[in-house]
Structure formats: C-alpha cells, structure tokens
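Residue numbers (our numbering): 4 to 213. Scroll down for the structure; my scribbles are underneath it.
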C-alpha cells in the first residue's frame with residue numbers, strides 16, 4: 004500500500020512539473036519537448052543519488068514512456084496535411100532511397116566486419132534504415148515548421164523510411180527462418196506479398212470510407 008502511495012505521489016509530482024515546464028517555456032517561445040527531456044534526465048539522476056523510486060515503478064514508467072511516444076507520433080500524423088505531403092513526395096522519395104541504401108548497407112557491412120552471421124547482419128542493416136526523429140519532429144511541430152515546405156519534406160522522408168523499414172523487417176522475419184528451402188521460401192514470399200496487398204487495400208478503404 005505504501006509503495007502504491009509513493010507511486011501516486013511521484014506521478015503527481017511529475018505531472019505538476021510537466022505543466023509548470025510547459026507554461027514556463029511557452030513564455031520564452033521554447034518548445035516544451037526540451038524541458039521534458041531535461042526533466043527526465045533530472046528525475047533519473049535524482050533517483051540514482053536518493054533511490055526514492057519504488058522497485059516496481061520503473062516498469063510502469065517505461066510503459067508510460069512507450070505510450071507517450073506512440074501518442075506523440077499519432078499526434079504528429081493527425082496534424083499532417085496529406086495533400087501537401089503528396090505534393091513533395093518525389094523530392095522526399097529520392098532522399099529516402101539514398102538514406103535507406105546508405106544506412107542499410109553501412110549497417111550490414113559493419114556487422115559483417117565484426118563477423119556477425121549473414122542473418123544478423125541483414126537484421127542490423129534493416130533496423131538502421133528506420134528514421135527515429137520523434138523528438139525533433141515534435142520540436143518542428145511546436146514551431147509550426149511542419150506546415151512549411153521543408154517540414155513537409157521531412158515528414159514525407161520519415162514516412163517513407165519507416166514504411167520501407169517495416170516492410171523489409173517483416174520480410175526478413177518471414178524468410179530468414181526458412182533458410183535455403185526454396186519451395187517453402189517461394190510459398191512464404193507469395194503469402195507475404197498477398198498480406199501486404201490486403202493490408203494496403205484495407206488501409207485505403209478505411210481512410211476513404213471511414
């Protein structure tokens with residue numbers, strides 16, 4: 004019971020600090036994400052010195068952090084303008100392809116240089132193709148920069164990177180366990196692409212009729 008009370012007090016304190024930082028930085032025209040990162044760092048540093056966080060709480064904080072990242076990305080996506088993104092998608096597409104090839108190949112070759120297996124090297128290369136800019140995009144959104152040409156290209160770039168990265172990772176998870184069994188590999192590839200087509204069709208129909 005005491006541990007639960009301590010968790011409620013800590014979360015309440017964090018919420019108060021969150022609102023205070025947001026209001027303070029708004030007066031100086033600074034995006035609040037900067038203050039939130041500093042608050043997280045200060046919170047972790049304080050716990051290392053005073054050990055005031057209950058043993059069961061880090062898992063809860065980790066879950067809340069993951070949920071926060073998901074809501075942040077959904078918030079950015081919902082505020083994006085699809086027509087503007089499609090207008091600049093050709094410019095972003097070229098940058099995204101270069102970025103994916105460079106980071107993916109570099110990650111693969113680096114893993115091979117450290118004598119990882121072929122499968123592991125492929126997973127490392129594909130994992131590095133994703134663009135993790137949730138924090139920087141939140142900063143751009145706070146300044147309404149995502150409404151400008153550069154911000155729109157940035158969102159296009161992130162979207163293309165992530166879609167291709169997820170596609171390649173899902174493809175690897177489908178074919179790597181099969182090894183060199185060509186018959187099973189062909190069947191699995193066919194099922195994989197069928198699922199992709201069905202998923203894209205569902206997303207299109209949902210966005211059109213919903």
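Where is the CB? At the ideal position from N, CA and C, for every residue including glycine.
request  = Report buried or exposed for residue 124, applying the criterion of at least 16 other Cβ atoms within 10 angstroms of its Cβ.
outcome  = Against the chain shown, residue 124 aligns to sequence position 121. By the C-beta density criterion, residue 124 is buried, having at least 16 other C-beta atoms within 10 angstroms.
Segment contact, 8 Å Cβ cut-off, at least three pairs: the region 25 to 36 with the region 6 to 14 = The region 25 to 36 vs the region 6 to 14: no contact.
ask   = DSSP three-state call for residue 52: helix, strand or coil?
value = Here residue 52 refers to the residue found at position 49 when the chain shown is read from its first residue. It is helical.
message = For a quick check, are the C-beta atoms of residue 131 and residue 154 less than 9 Å apart?
response = As a working mapping, residue 131 is identified with position 128 in the chain shown. As a working mapping, residue 154 is identified with position 151 in the chain shown. Between residue 131 and residue 154, the gap from beta carbon to beta carbon reaches 9 Å or more.
request  = Would you tell me roughly how many angstroms separate the C-alpha atoms of residue 188 and residue 26, rounded to the nearest one?
outcome  = Counting from 1 along the chain shown, the entry for residue 188 is found at position 185. Counting from 1 along the chain shown, the entry for residue 26 is found at position 23. Rounded to whole angstroms, the separation of the alpha carbons of residue 26 and residue 188 is 56 Å.
key: Neighbour-count burial assignment, residue 2, 16 or more Cβ in a 10 Å radius   = An answer regarding residue 2 cannot be provided, because it is not within the stretch 4 to 213 covered by the chain.
request  = Determine the burial state of residue 114: buried for a count of at least 16 other Cβ atoms within 10 Å of its Cβ, exposed for fewer.
outcome  = Sequence index remark: in the chain shown, residue 114 carries index 111 (1-based). Classification for residue 114: buried.
ask   = Which stretch, first to last residue, makes up the alpha helix (DSSP H) that contains residue 165?
value = Here residue 165 refers to the residue found at position 162 of the chain shown. Its alpha helix (DSSP H) spans residues 152 to 178.
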